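Heads up, the thing below is written out as structure tokens.
There are 2 protein chains.
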Amino acid sequence: MEAATATPTPPDGAAAPSGDLADTAVRLRLSATRLARILRQQADIGLTPTQIAALATLHRCGPIPVGTLADEEQVSAPTATKTVERLHAAGLVSRVGDPTDRRVTLVSITAEGDALLADIRARKTAWLSTRLGELPAEELARLTDALDVLEHLTTPQKDPS
Amino acid sequence: MEAATATPTPPDGAAAPSGDLADTAVRLRLSATRLARILRQQADIGLTPTQIAALATLHRCGPIPVGTLADEEQVSAPTATKTVERLHAAGLVSRVGDPTDRRVTLVSITAEGDALLADIRARKTAWLSTRLGELPAEELARLTDALDVLEHLTTPQKDPS
DNA sequence: TATTGTTATACTCTATAACTATA
DNA sequence: TATAGTTATAGAGTATAACAATA
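For the record, the sequence lines run as chains Z and E.
With this note's numbering as the guide, the letters of the first sequence map in order to residues 1 to 161.
With this note's numbering as the guide, the letters of the second sequence map in order to residues 162 to 322.
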């Protein structure tokens with residue numbers, strides 16, 4: 001049902017009327033920022049956003065060195081060290097030395113960490129699911145249709161490092 | 162109910178079961194959080210996100226008491242006081258006593274604050290506009306089609322005040 | 001007495017610089 | 001010498017509790 005009725009902008013050379021793009025950008029920026037803020041407020045379980053994010057990365061990436069965690073989270077090494085300390089004190093992660101390189105400390109999520117993370121995610125998702133369920137079916141369909149674009153937008157196509 | 166993950170998504174957009182809702186919620190949550198984080202990193206002008214947010218509220222709401230700013234930003238009164246102090250030290254806001262109630266300090270944005278805020282917004286929008294311009298026209302159209310739904314989602318339908 | 005704002009105190013988040021241990 | 005991680009130091013963000021001034 002979706003149609004390419006909007007401005008047929010060739011992605012290569014021809015410039016689109018930047019007014020449209022800018023307008024879309026403003027609206028999307030506002031919505032995304034607002035939604036993220038609302039979602040953030042939805043998850044007060046005693047963990048800070050920093051700790052939740054680190055936990056999620058450890059869940060996703062398995063046992064990784066502290067430095068890799070820092071890279072993933074885009075924070076400094078000392079910040080990663082401190083975050084790991086706190087998560088460790090809470091029993092949510094464990095730290096094991098790497099046998100092949102004894103400078104490295106491998107960090108991994110514990111069963112407790114996994115459980116807590118699942119709980120946090122469930123709360124956030126539950127709230128959002130409720131909101132989505134309140135939408136008219138037609139609006140929900142349009143939102144679903146655009147999800148892959150949003151994901152495309154937030155996935156690093158090329159990492160300039 | 163652990164293993165309800167691999168949901169075969171129905172091809173048409175008709176009457177989605179709640180498993181789909183949860184799936185949509187997860188994807189939307191991730192995208193929104195990521196996009197907000199990227200956008201946040203895009204605006205390093207020496208001001209912190211807290212300060213930018215306060216500045217934006219002062220721009221929007223005009224001269225308001227410190228307590229009102231705290232309410233708007235959903236922070237404590239001492240936090241609002243400190244933020245105003247820093248913005249004031251930077252020349253971005255001004256503080257004037259309310260003649261009708263001398264307990265009240267009215268805070269307002271200065272011309273410098275307005276200019277800086279506009280600059281910050283322009284940068285964020287510019288970055289996102291570029292990204293949007295890189296999208297295939299068809300994807301951009303679908304995203305545009307879903308914008309009003311996103312806005313609908315992040316606008317308080319019923320304000321419990 | 002109730003309200004507005006500030007100060008006092010304490011903790012987390014964050015970065016840079018300096019240091020230790022290992023490679 | 002280079003790298004992984006930690007410790008040292010410093011400043012912002014945050015909250016609760018205690019206080020001052022005003023209503």
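Where a beta carbon is used, it is the ideal one built from N, C-alpha and C, also for glycine.
Given the structure is predicted, the values throughout are model-derived calculations rather than measurements.
Worksheet item: If you scan the stretch 60 to 104 of chain Z from start to end, which runs of the beta strand (DSSP E) of 3 or more residues do you find wholly inside it?
Response: The beta strand (DSSP E) runs lying completely inside the stretch 60 to 104 of chain Z and spanning 3 residues or more are 93 to 97, given in chain order.
Discussion item. Would E:S269 and E:L219 be called neighbours here (beta carbons separated by less than 8 Å)?
Written reply: Contact flag set, yes.
Worksheet item: What does E:K285 touch in chain Z if you count any residue whose Cβ is under 7 Å from its own?
Response: Going along chain Z in sequence order, the residues near E:K285 (Cβ under 7 Å) are R29.
Item to complete: Using a Cβ cut-off of 8 Å (strictly closer), state whether E:E206 contacts chain Z.
Response: The amino acid occupying residue 206 of chain E in the given sequence is Ile; Glu does not appear at that position. No - not a single Cβ of chain Z is within 8 Å of the one on E:I206.
Item to complete: Using the Cα positions of E:L278 and E:A272, report the straight-line distance between them to the nearest angstrom.
Response: E:L278 and E:A272 have their C-alpha atoms spaced approximately 10 Å apart.
Worksheet item: In chain order, what residues of the same chain have a beta carbon less than 7 Å from the beta carbon of E:T211, not counting five sequence neighbours either side?
Response: Excluding sequence neighbours, E:T211 sits near T244.
Practice prompt. Report the residue from Z:R29, Z:A89, Z:V149 and Z:S129 whose alpha carbon sits nearest the alpha carbon of E:Q203.
Written response: Distances from the CA of E:Q203 to each of Z:R29, Z:A89, Z:V149 and Z:S129 were compared; the closest alpha carbon is that of Z:R29.
Discussion item. For Z:E72 and Z:R60, I'd like the C-alpha separation in whole angstroms.
Written reply: Pairing Z:E72 with Z:R60, the inter-Cα distance amounts to about 11 Å.
Worksheet entry | Neighbour list for Z:D145 in chain E, Cβ cutoff strictly below 8 Å | Under a criterion of Cβ atoms nearer than 8 Å, the residues of chain E adjacent to Z:D145 are, in order, G174, R303, D306 and A307.
Worksheet item: Exposed or buried, what is E:I213 when buried is set at 16 or more other beta-carbons lying within 10 Å of its beta-carbon?
Response: Buried, by the Cβ-count rule.
Item to complete: Rank E:T194, E:L267, E:H249 and E:R195 by C-alpha distance to the C-alpha of E:L230 and give the top, closest one.
Response: Residue E:L267 is the option with its Cα nearest to E:L230.
Worksheet item: By DSSP, does E:L208 sit in helix, in strand, or in coil?
Response: E:L208: coil per DSSP, three-state reduction.
Worksheet item: Once you ignore the five residues that flank Z:P63 on each side, which residues in its own chain have a CB closer than 8 Å to its CB?
Response: Spatial neighbours of Z:P63 in its own chain (CB-CB distance under 8 Å, excluding positions within 5 residues in sequence) are listed in chain order as V96, L106, V107 and S108.
Worksheet item: When the Cα atoms are used, what is the spatial distance from Z:A90 to Z:G113?
Response: Those two C-alpha atoms are separated by around 9 Å.
Item to complete: Select from the stretch 229 to 253 of chain E all residues with a C-beta closer than 7 Å to any C-beta belonging to chain Z, and list them in chain order.
Response: Residues of the stretch 229 to 253 of chain E with a C-beta less than 7 Å from any C-beta of chain Z: none at all.
Worksheet item: Skipping 5 residues on each side, what residues in its chain have a beta carbon closer than 6 Å to that of Z:L35?
Response: None.
Practice prompt. Answer yes or no: does any C-beta atom of chain Z fall closer than 8 Å to that of E:V268?
Written response: False, the Cβ-Cβ gap to chain Z never drops below 8 Å.
Worksheet item: Hey, E:S192 and Z:L147 are a contact pair by Cβ (cut 8 Å); roughly how many whole angstroms apart?
Response: With a contact defined as Cβ atoms closer than 8 Å, E:S192 and Z:L147 qualify at about 7 Å.
Item to complete: Compare the C-alpha of E:S255 against each of E:L296, E:L311, E:E246 and E:D280 and name the closest.
Response: Nearest to E:S255 by C-alpha distance, out of E:L296, E:L311, E:E246 and E:D280, is E:E246.
Worksheet item: Helix, strand or coil: which one does DSSP assign to Z:L135?
Response: Assignment of Z:L135 by DSSP, reduced to helix, strand and coil, places it in the coil class.
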